[in-house]
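The structure under discussion appears below in the form of structure tokens.
Residue numbers (this note's numbering): 756 to 851.
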């Protein structure tokens, strides 16, 4: 079993600093990834990673993969990037 999470938030620590993976959302993702691998969206702000994707960069190496778009100009920082175009998605056929 795996889980795909396509929601995120740009949490702040002490109202000033960006999340370092220790906010409640990231901690919950890290705890959940001990039982279920997570695939999470990196976010839509260039160069900025949304929570819970920030948890993918924790030193504890949780089972979290943060996905971003191959066009990094419209994506947050990720651990993996998609290179599929919308046209390629329309041609997708499941394996038999």
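Beta carbons: idealized from backbone N, C-alpha and C, even for Gly.
Item	Value
8 Å contact criterion, which residue 780 and residue 806 should meet: CB distance rounded	4 Å
Alpha carbon of residue 777 to alpha carbon of residue 816, nearest angstrom	14 Å
Residue from 788, 792, 796, 782 whose Cα sits closest to the Cα of residue 837	796
Option nearest residue 808 by Cα separation, candidates 799, 802, 819	819
Residues that residue 835 bridges to, as DSSP identifies them	822
Strand pairing of residue 795, partner residues [DSSP]	760, 821
Same chain, Cβ closer than 7 Å to residue 792, five either side skipped, listed in chain order	757, 818
Backbone secondary structure at residue 806 - three-state DSSP	strand
Coarse secondary structure for residue 782, derived from DSSP in three states	helix
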